[in-house]
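Data block below; observations after.
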Amino acid sequence: MDKESKFFIIEKEYFLGEARYSIYSKDIFNLTTATRKLLALDELNNNKDITYHLQKVDPYLDDSKDTVILANGSHNSDTMI
Numbered sequence: 002m003d004k005e006s007k008f009f010i011i012e013k014e015y016f017l018g019e020a021r022y023s024i025y026s027k028d029i030f031n032l033t034t035a036t037r038k039l040l041a042l043d044e045l046n047n048n049k050d051i052t053y054h055l056q057k058v059d060p061y062l063d064d065s066k067d068t069v070i071l072a073n074g075s076h077n078s079d080t081m082i
């Protein structure tokens with residue numbers, strides 16, 4: 002696993018005086034790609050009520066393991082402890 006930080010692009014939308022946050026893309030990006038996409042989104046965006054931000058992905062969310070190893074050593078992908 003590489004040590005390079007990964008980022009989500011977060012969309013912040015104001016509607017009726019309240020902010021709503023959502024993940025713009027389900028993909029995670031390295032800092033260079035995320036910054037490029039963020040700048041492109043900001044440049045193309047004409048709506049002042051929508052802004053885009055970067056959010057660093059916690060390392061546990063970027064884990065490539067698909068299974069949970071139980072205390073007794075067995076593997077189970079359907080059960081979370």
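Quick note: the sequence shown uses our numbering, first residue 2, plus one each step.
Even for Gly, the Cβ is constructed at its ideal location relative to N, Cα and C.
Given the structure is predicted, the values throughout are model-derived calculations rather than measurements.
**T33 versus L17 - alpha carbon distance** = Translated into the one-based positions of the sequence shown, residue 33 becomes position 32. Translated into the one-based positions of the sequence shown, residue 17 becomes position 16. Their backbone Cα atoms lie some 34 Å apart in a straight line.
**Asked** Among I51, K27 and N47, which residue has its Cα nearest to the Cα of F8?
**Response** Walking along the sequence shown from the start, residue 8 turns up at place 7. With distances taken between Cα atoms, F8 lies closest to K27.
**Request:** Output yes or no for whether 8 Å exceeds the beta carbon distance between K38 and S6.
**Result:** Here residue 38 refers to the residue found at position 37 of the sequence shown. Here residue 6 refers to the residue found at position 5 of the sequence shown. In this structure, S6 does not lie closer than 8 Å to K38 by Cβ.
**Message:** Along the chain, where does the beta strand (DSSP E) containing L55 start, and where does it finish?
**Reply:** In the sequence shown, the residue the question calls residue 55 occupies position 54. Looking at the DSSP string, the run of the beta strand (DSSP E) that includes L55 is I51 to K57.
**Message:** Tell me which residues share the same chain as D50 and place their Cβ nearer than 8 Å to its Cβ, disregarding the 5 neighbours each side in the sequence.
**Reply:** Against the sequence shown, residue 50 aligns to sequence position 49. Excluding residues within five positions, the ones whose Cβ falls inside 8 Å are E14, Y15 and F16.
**Item:** Neighbour-count burial assignment, A41, 16 or more Cβ in a 10 Å radius
**Value:** Residue 41 sits at position 40 when you count from the first residue of the sequence shown. A41 is classed as exposed because its beta carbon has fewer than 16 other beta carbons within 10 Å across all chains shown.
**Prompt:** From T52 to E19, what does the alpha carbon distance come to, in whole angstroms?
**Reply:** One-based indexing of the sequence shown puts residue 52 at position 51. One-based indexing of the sequence shown puts residue 19 at position 18. Taking the straight line from one Cα to the other gives about 13 Å.
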